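Before any comments, here is the structure.
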Amino acid sequence: MDRRHFLGAGIAGATALTFSSVWSQAAPNFGAPMLPATGYKRLKVGAMEVIALNDGALRRPLGEEFVRNAPLEQVKAMLASQNLPTYYVDIPFTPYLIVSGNTKFLIDTGFADNGPPTTGRLTANLAAAGYKPEDIDHVIISHYHGDHINGLRKKDGSAMFPKAKLHVPAPEHAFWFDDAKMNAAPPAAKGAFENARRVMGSFAADQIVRFEPGAELAPGIRAEAAFGHTPGMCVFRVSSQDQHFVYVADVTNIPSLFARSPDWAVAFDMDAEMARQTRRRVFDMLVKDKTTMGGFHFPAPAMGTLEAAGSGYQFKPLA
1 MDRRHFLGAG
11 IAGATALTFS
21 SVWSQAAPNF
31 GAPMLPATGY
41 KRLKVGAMEV
51 IALNDGALRR
61 PLGEEFVRNA
71 PLEQVKAMLA
81 SQNLPTYYVD
91 IPFTPYLIVS
101 GNTKFLIDTG
111 FADNGPPTTG
121 RLTANLAAAG
131 YKPEDIDHVI
141 ISHYHGDHIN
151 GLRKKDGSAM
161 FPKAKLHVPA
171 PEHAFWFDDA
181 KMNAAPPAAK
191 GAFENARRVM
201 GSFAADQIVR
211 FEPGAELAPG
221 IRAEAAFGHT
231 PGMCVFRVSS
241 QDQHFVYVAD
251 VTNIPSLFAR
261 SPDWAVAFDM
271 DAEMARQTRR
281 RVFDMLVKDK
291 TTMGGFHFPA
301 PAMGTLEAAG
311 SGYQFKPLA
């Protein structure tokens, strides 16, 4: 596949994330996904705290389209080698709360009440961790796929985090609000643009702060470029008292496939080759530095470390 084909397929994949019912229609054939008994996990990072907050999961039938550059039987063999089911995959959704003194930063949002029945758990898990949506001072967005931004508003149009300022990557915002790029996208991909504009365009201009990759968003919270999955996606490093945590957003989808085989392209990677290079670069750094990390689609508790394993990486969850 050439880059243009990958980009079109990736935007179409983003559209599937936008209209999440596409997944849920077929999922009941395989039952509901298992959700963690405890929907949050705390981690101290120096004087700061990072809390992984499960927003639910979707069970997706495993077809040829999910891994775009590997035969389905090879994908199934990778799952079987880890004693995982081979006819479906469970994809979790995990925003992260950073507590720094009296200030609360939420990274990515999940679905709120806009998704399938097995999503929308963020508010309950936030409450279980001792917080409510009104406590959030800042929402940081890694990229504009629907599962990361749709939770900014409820179905009735009200703001999920009414007091929060929104921080978004400038190159990501520029891409999805570029009329020429939207007009050049395949018809099946228009929904991803429309969703990004519907959600992000509903906020006043002074509510949104655009940042460049490399910027320090607050003391101890820095954005780093991680382009490929989308044109402007960023990951975020939390640092305090010589301790670090890195949120890798969608550098990989479920790690049982795309960390173990980092050269595979998930259906939602918009530039598969750039996403592959980013995955290798970010994960090599995390392995070398033994940095604690977490990802939006990682299994509960969604925080742990990466180790080199064969030609890829193995996720080791925190106890």
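Note that UniProt numbering numbers the sequence shown so that position 130 is 130, with each residue one more than the last.
Cβ atoms here follow ideal geometry from the backbone N, Cα and C, with glycine treated the same way.
Note that this is a predicted model, so its numbers are computed, not measured.
With contacts defined by Cβ atoms closer than 7 Å, Ser239 and Gly220 form a contacting pair. Counting along the chain, Met78 sits inside the alpha helix (DSSP H) bounded by residues 72-80. If you keep only unbroken alpha helix (DSSP H) runs of at least 4 residues inside the stretch 232-279, you get 255-258. Between Gly110 and Asp178, the C-beta spacing is not below 7 Å. At a Cβ-Cβ threshold of 7 Å, Phe193 and Met182 count as neighbours. DSSP, reduced to helix, strand and coil, places Glu212 outside both helices and strands of the structure shown, so it counts as coil. In its chain, beyond the 5 residues on either side, Asp113, Asn114 have a beta carbon closer than 7 Å to the beta carbon of Lys155. For Asp147, the enclosing alpha helix (DSSP H) starts and ends at 146-149. In the structure shown, Leu106 falls within a strand segment according to DSSP collapsed to helix, strand and coil. At the C-beta level, His138 and Thr230 stay beyond 7 Å of one another. In terms of Cα proximity to Leu35, the closest of Leu43, Met303, Ala57 is Ala57.
Proximity to Asp263 across Phe236, Gly232, Asp289, Gly310 peaks at Gly310, based on C-alpha coordinates. Taken through DSSP and simplified to helix, strand or coil, Lys154 comes out as coil. Looking at the DSSP output, Ile51 bridges to Arg42, Leu97. Residue pairing by DSSP places Tyr313 opposite Ala308 in a beta bridge. Looking at His148, Val209, Asp250, Gly63, the one whose alpha-carbon comes closest to that of Ala225 is Asp250.
At a Cβ-Cβ threshold of 7 Å, Met48 and Ser100 count as neighbours.
One Cα belongs to Met303, the other to Pro95, and the distance between them is close to 11 Å. If you draw a straight line from the Cα of Ala308 to the Cα of Leu53, it comes to about 27 Å. DSSP links Ala223 through a beta bridge to Phe236.
Here Lys163 is exposed: its Cβ has fewer than 16 other Cβ atoms, across all protein chains shown, within 10 Å.
Straight-line measurement puts the Cα of Phe175 at about 14 Å from the Cα of Phe211. Taking C-beta separations shorter than 7 Å and ignoring five residues to either side along the sequence, the partners of Phe227 in its chain run Met233, Met274, Thr278, following chain order. Gly39 is positioned such that its CB atom lies closer than 7 Å to that of Asn125. Residue pairing by DSSP places Arg59 opposite Asp90 in a beta bridge. DSSP places Leu35 in no beta strand (DSSP E); its state is neither H nor E.
In terms of Cα proximity to Thr252, the closest of Pro117, Phe283, Asp108 is Phe283.
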